[in-house]
Amino acid sequence: MTPTKRVEIKPLTEEMFLKFYGHPIQQTTFALAAVVDGVIEMVGGLYLDGPKKAVLFSDSPDGWIKRYPLTTVKMTKRLLALATKRGWKVVSLADTDRENSDTFLEHFGFVKAGDLHEFIG
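In terms of our numbering, the sequence shown is residues 19 to 139.
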């Protein structure tokens, strides 16, 4: 079994966003990057979608969350704590292409609300 590499969780800068996505940030975003050996492997964040409303999102390669579950949990907790502190309503869309996406969101206090999941804490 290959040992798990050390992951650093860093605030996502505009330069990091551009490098990961290939385009500049288009809206107000508060995000974190999971960096392994100097490479951004996962981005998780919140983007504002109106007054006091944020959308939780993440992007990572297939299998990343299973390889680094604790990092994913830490990032999610930090983002939800920020949203709670600021009084934002948070929604998220479960990724239908990813197994257990619904379960993951429900673990953190999201409930299904139509096509979205709404954070109730």
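For each residue, glycine too, the CB sits at the ideal point set by N, CA and C.
query	result
Span separating the alpha-carbon of Tyr65 from that of Tyr86	23 Å
C-alpha gap between Leu74 and Asp55, whole angstroms	26 Å
Burial state of Val129 (16 or more Cβ within 10 Å)	exposed
Identified DSSP bridge partners for Ala110	In the sequence on display, residue 110 carries Ser and not Ala. BP columns for Ser110 point to His135.
Best match in Gln44, Asp133, Val57, Ser119 for proximity to Lys23 [C-alpha to C-alpha]	Val57
Where the beta strand (DSSP E) containing Lys23 begins and where it ends	Per DSSP, Lys23 belongs to no beta strand (DSSP E) and is neither H nor E.
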